[in-house]
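Engineer:
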Amino acid sequence: MIGEGLQSSNQRKHSYVRDNVEVGFFTDPTVCIGCKACEVACKEWNHVPDDGFTWTGNSYDNTGHLGASTWRHVMFLEQDRQKGSQITGPMSLGDHDPFRWVFLSDVCKHCEEAGCLEACPTGSIVRTETGTVFVQDDVCNGCGYCVVSCPFGVIDRRPTPLPDAGGAFKCTFCYDRQKSGLVPACAKVCPTESIVFGRLDDLRTRAKERVQHLQGLGYNDAQLYDPLETSVRGIHAFFLILGEPEAYGLPPKPQVPTIYLESAWTAAFATAIASLIVTLLAFAFSS
Amino acid sequence: MDTSASEQRLEQLREKAWQEGVVPGRGVDVAGGPIPRKPGYYGEPVVKPPVWTWEVPLYFFFGGIGGMSAVIAFGAVLFDHVDLARAAMWTAAIAGAVLSPILLIMDLGRPHRFLNMLRVFKHRSAMSMGAWILTAFGACAVAGLIALELHAHQISPGTLNQLLSFAAGIFIFGAAIFGTLLATYTGVLIGATAIPAWFLHRTLLPIHFGTAGLGSAAAVLELMGHRIPALNFLGFYAAAVETALLIWLSVAKHGAADRAIHEHGSGWFIRIGEILTGPLALILRFFGFIPWAAISFLVGALVSRMGWIAVGKVSGSDPESVFAAERY
Amino acid sequence: MAEAHPVGFRWVMKAKERGATIIHVDPRFSRTSALADIWVPIRAGGDIAFLGGLVRHLIENNLFFRDYVVHFTNASCILRDDFRDAEEGETGVFSGWNGELCGYDRKTWLYKGDTGLSFPERDLTLQHPRCVFQTLHRHFARYTPEMVEKICGISPELFHKVANALVAASGPDKSAAICYALGWTQHSKGVQIIRTAAILQLLLGNIGRPGGGILALRGHASIQGSTDIPTLYDTLPGYLPMPRGDGSEATLGDYLAAHTKRTGLWNSVPAYFISLLKSYYGKNATVENDFGYDWVPKITANHSFFEYLYDMADGKMEGMFMMGQNPAVAAANSRFERASLSKLKWLVVREMVEIEAAAFWRDSPEVGRGELKTKEIETEVFLFPAAGHAEKEGAFTQTQRLLQWRQKAVDPPGDARSEAWFMHQLALRLIAKAKQSNDPLDEPLRALDWWYPEDELGDPKMEAVLAEINGWYTNPQPDADGVVFGVDREGNPHHGSQIDSYLRLKPDGSTACGAWIYSGVLGPDKINKANSRNSKDYLGHGWGFAWPSDRRIIYNRASASPTGEPWSDRKKLIWWDQAQSRWTGIDNPDFPLDKSPEFRPTGNERGLDAIRGDAAFILNEDGLGWLYVASGLQDGPIPTHYEPLESPVHNALYSRDTNPAVHWFTRQENRFAPPGDARFPFVLTTYRLTEHHTAGGMSRFLSHLAELQPQLFAEISTELARELKIDNGDYISVVSLRGAIEARALVSRRMRPIQLNGKTVHQVAMPFHFGSAGPVRGGSTNDLIPISGEPNVTIMEAKACTCNIVPGRLPRGPAFEDWIARYLPKDGPPNLHPEQPAVDAPCARAGGGHGLEGKIDNR
């Protein structure tokens, strides 16, 4: 909570790694001011290179999307809808001519069932003690398979001539900081605690209460984005969103691509066996 | 004020866009008037397109040839076509044990770490399985080739020769088994991903890649001069299956989810490829133009692989395809 | 506030979470508006009309906090019979206007009687026709909601929403705060806009209350400090006025007579000033030589930034030291600024990167176009590397008057050094040179007491400087209690123990103090309170030091009723403890601790003794909160709506369009379009983005910030985009009567067209962070803004002027001249605005009076 100072879960030291506690991020756009401190802190701490100087004209979002060199990405949505009971004059007193500007800091979802982790053939991507998904950069050989296996389009391969090019990069959940009992950089700097770091179960409880509280204040389209009922089985970095996931570029029903393995391998084996048989038959009938 | 017809048309489009939000049609990007309304979040991709370049489709192509060549070699060995077997094993070794690994390593972001592929064995990762399949195949193919060549050249007489023959048989059998997997697993590789155009065709892809591999191997051997009925039979079989797959692909559409294939230019690579490996190869072979049929098949197999990767890039960049694919 | 003070804004968000209503008034829907409960789109420049409308609403409907207003404000004070309000004749001009001097003779504004502002005559029923309250009532009578709509484009329904929210949030057990920043200050009537807010808050009883007040959010981190220990030409530390050089303050006695007030805190000017002189000149300042008064520079004219910029442009300025400023991008009319810099003989720039002001001679739009030729520029630029904020020690003073000490984290790299190092080393060299010379002109330098001990890098020990600022007893006693840094550079005993408050200061030379308002920060307990970080209560006591005397809420006597009890338990802050006969409470009382609420002066007292027990505003001579400013402002005792100097409409309230006392700085390069000029139909306002910092020197050069906002853009409404056939992202050229730049169009519903008196007016908003240097570049928005000087503080009107938009990119090279000639006539008179004085008028450049920070001036 804002103003708890060092007592806040975003500031106080912890021993989650040592105690194998599952951690998470709860990101709440209703208090986000779009300041992008999270983007900058992440880059500063992790020495992430810049991602190009391109003005997009997409509201104040010149970052575009998550990628190998962007691990926190603040979205800016300008919508013809109302935010809670906000009045955006002059003509309107809330009802006609509604307008709102929503900010949300996107990040790697650290899935319960992670597509990138399953896909990684070198064992570079692993699950840490705190349940986060971590890319060991010294193992990754840049095969790029994780890139097409993420249902959220998070991880990417860093192109040359950027530093450490060739490998796949994404949010580390500041694993190095966590090992020292510190809080991830983005959560630490978020001035309004829109990004909350803490125990995953605590965060999920808190988030549910928050949604109810907001709906009471008139935020009719507030909902949680935490796809527990899909094959992803929930995400450790989950969000409160206003409106539908599509508006944020979030898939409503994400799936971990390993669910496609069964039918694919079946077809593969069938073809394999058929090829063998047909070949033998081919020789048999022409000898 | 320029009142030419095109300017007037632009004016109309602006007005329409302002009123309705989106103006459908190609080459027109005035959706929403001054502020285009794009799907998803400013039209940004929801997943990520593949980062792979030309090495990967080429690897699919050579891997298919190499893997299925070993199958043909196995058949040849069983039915005493030693020359064919030798040619097939050379093809298998070069395509599958030399070119394929080189192409794969070249495609890595950090090629010097290619051995890390063998740090783990993950059955839930098609790429991990593929790395092991390729390794196993390569070992068997090279060993099998050496044994076969030594046996064929009668290097050592007697029991050693019999041993070599036996060894060749075992290794070639191994190469054949792993070869079928080498040729088909690549379909699983791209089928089990988050790219809609790919995962919606996860059953078709292994069948297509495997059959294309078989037909390509047969075609290569035919072009090398081995004009035998068995290979001709395989040529017909492969072309027939490819034709059926083309029909299946064209009929079983998934709307916006795989519009990369059916509405985008890159889909034509797949279709042209399939035509070349399917109906055209069939017809050419039917009329006896075997070398042309073989060439057609080979070109088609390569073009089709490239098409599937291209389609993957388009589909991966298309937010609406991801949303639409959730229905399936 | 979310844009420019994102970390501070967390407290607004916390308040919102606890149920506070957040109202954001701004021409554009910014990131602050996104989190507000109510966004009020206002036409840039209409603020006084809007706030005045709220004032009228409170008065008309009897919604003001009566007890507070009657006792704590000067609502009851009676004015002179010859005072004429701006309302009379609807002229917009007060009595005493001298057209020739472009200034007011302000005698008629004073209270009735001959005691000046002390012991005024009052009518506590507020009925007297000439009392301040009734005057205010008449003055704002026409500021109806309909008038507000005409001038600002705010609908009456929205107006009432805001008014109701404000009223509901004020009173004995509630309070509301107003936060403002440059959106109010950078106007030709900026001070008056803030004054209107002050009136509002006084009527609502919000000043001196917890959760109330007016928070002036500054433009950057220590700018409060830069007026406290001023970098301004016309004030001395602690807001003492700089002595005048026109002969009227030739002696110390003259100065003290002119500026010492009979009553209130300013009665102690002699103590503050003489202690300051003792800190400057040490033992060289004695009773005999008037404590060195002759050595203090005296001002001879208005030497504020734009004044000397014109001197620079006319070739009258030889050189300049430029530290922590980038006027080539940040100054109004930056195109003219860059051209003027080329007239200097030498320029010393201290910076961390080569900013545009240091590189203008080789790289600027003018050099690019050939308007300025590098070969012909004779300015010699010395670029000194500067240390960053973590590489030096010192204090920042921010908007809450809070001094926070900054420790040095690392040594600066290479030759980079702090400002303190630079000034210290420069002073040592200059003093050494002065000591070698016999020139009487060098006497002040010789007399300076430059005692500061240094560290290994040559930086003065900043805590020693702080100790001097805090103040000490001048009798050298290095071993006594409470002495810090007791010896000087030569190792000689230098001073006695620290003082703990400005109340200790004496005019006899026994005390020295660098800034009386800071006294107490490093007292005899030797603790640097600016460096403490143990917050003990919600006010933050124990974290830093708030001047004066760590009072966190100024005028907090007003949080208690006239009889001394808190207005409510919920909002208690300080109160009178009857048993102990002392003021006590959560905050340090901003009031004499032992003055009972019942105390009434007889009329012969001086200083704080003259303040009644129920008068909270001890800085003022009458002890009252000023709804009406009888003395101290150049342009009126009551805020009056004036149009911005460039406006699309005329003043709907008065026959006078603009602020009569404003400085126009008339010049060919600095012209103003007349009202409603069809060549420049849109209102232009400028603003800041979170991602960048002022002129961009500290943000554009950092890749992590530059990539967040890499290009200059102009925000326009969808309606305007449609009208001009501009799509989102198109290049557009924005042109004003001063210049033209190109930008990308950011079309958004966050900008709205405004209906002003039946006329549709479009507003264009642009950030001003870009320049021609660094990895991300763009046009300097200030090229478009004219130079002007608000009458009290000479600040420019950067928040409202007019412009035009031309779709397409700006022509390059020589084609630019032809293109821009369509909008900026090459010839013709420089004063195009009908209310601009004639070119040869005496007041053409400077208005009457100097900028004196609104403090003391009764000329």
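Residue numbers (this note's numbering), protein chains in the order written: chain H, 276 to 562; chain B, 3 to 330; chain Z, 2 to 860. We put the beta carbon where it would ideally sit given N, CA and C, even for glycine. Predicted model only: the values in this text are computed from it and were never measured.
Mind checking the region 118-139 of chain B against chain H and listing, in chain order, the residues whose C-beta falls within less than 8 Å of any C-beta there?
Structural biologist: Result list: N118, M119, R121, V122, K124, R126, S127, A128, M129, S130, G132, A133.
Engineer: What does K311/H reach in chain Z if we use C-beta pairs closer than 8 Å?
Structural biologist: Here residue 311/H refers to the residue found at position 36 when the first sequence is read from its first residue. The answer, in chain order, is T691, E692, L709.
Engineer: Expressed to the nearest angstrom, what Euclidean distance is found between the alpha-carbon atoms of G246/Z and Y309/Z?
Structural biologist: Taking the third sequence and counting its residues from 1, the one referred to as residue 246/Z is at position 245. Taking the third sequence and counting its residues from 1, the one referred to as residue 309/Z is at position 308. About 17 Å.
Engineer: Would A696/Z and V330/Z qualify as a contact pair, given that the criterion is a beta-carbon distance under 8 Å?
Structural biologist: Against the third sequence, residue 696/Z aligns to sequence position 695. Against the third sequence, residue 330/Z aligns to sequence position 329. A contact, by the Cβ cut-off of 8 Å.
Engineer: Keeping to the same chain, check which residues put their C-beta closer than 7 Å to that of A662/Z; ignore five residues upstream and five downstream.
Structural biologist: For the purposes of this step, residue 662/Z is taken as the residue at position 661 of the third sequence. Same-chain partners within the cutoff: C103, G104, Y105, Q635, D636, P792, G848, G849.
Engineer: Assign G119/B to one of two classes, buried (16 or more other C-beta atoms within 10 Å of its C-beta) or exposed (fewer than that).
Structural biologist: What you label residue 119/B is simply residue 117 of the second sequence in a count that begins at 1. Position check: residue 119/B holds Met in this sequence, whereas Gly was assumed. Buried, because 16 or more other Cβ atoms sit within 10 Å of the Cβ of M119/B.
Engineer: I'd like to know if S344/H contacts chain B, where contact means its C-beta is closer than 8 Å to some C-beta of that chain.
Structural biologist: The residue labelled residue 344/H in the question sits at position 69 within the first sequence. No, its Cβ sits nowhere closer than 8 Å to a Cβ of chain B.
Engineer: Could you say if the region 754-766 of chain Z and the region 341-353 of chain Z meet the contact criterion of at least three C-beta pairs nearer than 8 Å?
Structural biologist: As far as the Cβ criterion goes, the region 754-766 of chain Z does not touch the region 341-353 of chain Z, which means the pair count is below three.
Engineer: With three or more C-beta pairs closer than 8 Å as the rule, is the region 430-441 of chain H touching the region 111-128 of chain B?
Structural biologist: Result yes; three or more Cβ-Cβ pairs closer than 8 Å.
Engineer: Helix, strand or coil: how does DSSP classify N671/Z here?
Structural biologist: The count along the third sequence starts at 1 and reaches residue 671/Z at position 670. Residue state, collapsed to three classes: strand.
Engineer: Taking its Cβ as the centre, do 16 or more other Cβ atoms sit within 10 Å of K827/Z, making it buried, or is it exposed?
Structural biologist: In the third sequence, residue 827/Z corresponds to position 826, counting from 1. K827/Z comes out exposed.
Engineer: Are the CB atoms of V531/H and G318/B nearer to each other than 8 Å?
Structural biologist: On the first sequence, residue 531/H is found 256 positions in, with the first residue counted as 1. On the second sequence, residue 318/B is found 316 positions in, with the first residue counted as 1. Cβ distance not < 8 Å, so V531/H and G318/B don't count as in contact.
Engineer: If we ignore side chains and look at the alpha-carbon of each, how far apart do V794/Z and F306/Z end up?
Structural biologist: Looking up residue 794/Z in the third sequence gives position 793. Looking up residue 306/Z in the third sequence gives position 305. C-alpha separation (whole angstroms): 11 Å.
Engineer: Please go through the region 452-488 of chain Z and give each complete alpha helix (DSSP H) segment of 4 or more residues, from N-terminal end onward.
Structural biologist: The region 452-488 of chain Z contains these whole alpha helix (DSSP H) runs: 463-471.
Engineer: Does the beta carbon of V504/H sit closer than 8 Å to a beta carbon anywhere in chain B?
Structural biologist: For the purposes of this step, residue 504/H is taken as residue 229 along the first sequence, with counting starting at 1. Sequence inspection shows Glu at residue 504/H; the Val mentioned does not correspond to that position. By this cut-off, E504/H is not an interface position.
Engineer: Decide yes or no for the touch test of the region 170-179 of chain B against the region 143-160 of chain B: beta carbon pairs closer than 8 Å, at least 3 of them.
Structural biologist: A contact exists between the region 170-179 of chain B and the region 143-160 of chain B.
Engineer: With distances taken from CA atoms, which of T375/Z, Y556/Z, K530/Z, R558/Z is nearest G545/Z?
Structural biologist: Within the third sequence, numbered from 1, the residue matching residue 545/Z stands at position 544. Comparing Cα-Cα distances from G545/Z to each of T375/Z, Y556/Z, K530/Z, R558/Z, the minimum goes to K530/Z.
Engineer: For a test of the three-state rule: what should DSSP assign to A359/Z, helix, strand or coil?
Structural biologist: Here the question's residue 359/Z lines up with position 358 in the third sequence. Three-state result, A359/Z: helix.
Engineer: Could you work out which residues of chain H lie near N303/Z, taking near to mean beta carbons separated by less than 9 Å?
Structural biologist: Taking the third sequence and counting its residues from 1, the one referred to as residue 303/Z is at position 302. Those do not exist, as N303/Z stays about 39 Å from chain H at its closest Cβ, beyond 9 Å.
Engineer: Secondary structure at M243/Z, three-state DSSP: helix, strand or coil?
Structural biologist: Indexing the third sequence from 1 puts residue 243/Z at position 242. Coil at M243/Z, not helix or strand.
Engineer: Could you check if W2/B is buried or exposed, using at least 16 other CB atoms within 10 Å of its CB as the buried criterion?
Structural biologist: Any answer about residue 2/B is impossible in this case: the structure gives chain B only from 3 up to 330.
Engineer: Quick one, which residues of the region 386-415 of chain H are near chain B if we go by CB-CB under 8 Å, in chain order?
Structural biologist: Going along the region 386-415 of chain H in chain order, one finds G390, E393, A394, C395, P396, T397, G398, S399, V414, C415 with a Cβ nearer than 8 Å to chain B.
Engineer: If the criterion is Cβ atoms closer than 8 Å, does the pair F423/Z and R339/Z meet it?
Structural biologist: The residue given as residue 423/Z occupies position 422 in the third sequence. The residue given as residue 339/Z occupies position 338 in the third sequence. Cβ distance not < 8 Å, so F423/Z and R339/Z don't count as in contact.
Engineer: Mapping DSSP to helix, strand and coil, what is D784/Z?
Structural biologist: Locating residue 784/Z in the third sequence gives position 783, where the first residue counts as 1. Of the three classes helix, strand and coil, the one that applies to D784/Z here is helix, per DSSP.
Engineer: What does the Cβ neighbour count give for G83/Z, buried or exposed, with the cut at 16 atoms within 10 Å?
Structural biologist: By 1-based counting over the third sequence, the position of residue 83/Z is 82. Reading the sequence as shown, one finds Asp at residue 83/Z and not Gly. Under this definition D83/Z is an exposed residue.
Engineer: Would you mind listing the beta strand (DSSP E) stretches within the region 450-508 of chain H that are 3+ residues and don't spill past its ends, in chain order?
Structural biologist: Here the runs fully enclosed are 470-474, 497-500.
Engineer: Where does G54/Z fall in DSSP's three states?
Structural biologist: The sequence position of residue 54/Z within the third sequence is 53, counting from 1. Residue state, collapsed to three classes: helix.
Engineer: Could you name the residues of the same chain whose beta carbon sits closer than 8 Å to that of G194/B, not counting the 5 residues immediately before and after it, in chain order?
Structural biologist: Taking the second sequence and counting its residues from 1, one reaches residue 194/B at position 192. Here residue 194/B is Ala; the residue named in the question, Gly, does not match the sequence. Counting only Cβ-Cβ distances below 8 Å, and skipping sequence neighbours, we find A128, F201, R204.
Engineer: For the alpha helix (DSSP H) containing Y112/Z, list its first residue and its last residue.
Structural biologist: The count along the third sequence starts at 1 and reaches residue 112/Z at position 111. It is not in any alpha helix (DSSP H) - Y112/Z carries neither H nor E in the DSSP assignment.
Engineer: Between the region 506-528 of chain H and chain B, which residues of the former have a C-beta closer than 8 Å to a C-beta of the latter?
Structural biologist: Correct list: E521, A522, Y523, G524, L525, P526, P527, K528.
Engineer: Could you pull the start and end residues of the beta strand (DSSP E) that W577/Z belongs to?
Structural biologist: As a first step, residue 577/Z is located in the third sequence; it is residue number 576 there, counting from the start. From DSSP, the beta strand (DSSP E) with W577/Z extends over 575-578.
Engineer: Using a Cβ-Cβ cut-off of less than 9 Å, give me the residues of the region 193-222 of chain B that come near chain H, in sequence order.
Structural biologist: Listed in sequence order: G193, A194, T195, A196, I197, W200, F201, R204, T205, L206, L207, P208, I209, H210, F211, G212, T213, G215, L216, A220.
Engineer: Of all the beta strand (DSSP E) runs that stay within the bounds of the region 367-433 of chain Z, which reach a length of 3 or more residues?
Structural biologist: Entirely contained in the region 367-433 of chain Z, the beta strand (DSSP E) runs reaching 3 residues are, in chain order, 381-386, 395-398, 403-407.
Engineer: Between the Cα of D588/Z and the Cα atoms of G626/Z, L625/Z, G541/Z, V630/Z, which residue gives the shortest distance?
Structural biologist: Stepping through the third sequence from its first residue, residue 588/Z is reached at position 587. Nearest option by C-alpha distance: G541/Z.
Engineer: List the DSSP bridge partners of R432/H.
Structural biologist: Reading the first sequence from its first residue, position 157 is the one you call residue 432/H. Its beta-bridge partners are A443/H.
Engineer: Could one say the Cβ of C575/H lies closer than 8 Å to chain B's Cβ atoms, at least one of them?
Structural biologist: Residue 575/H lies beyond the residue range present for chain H, which begins at 276 and ends at 562; the question has no answer from this structure.
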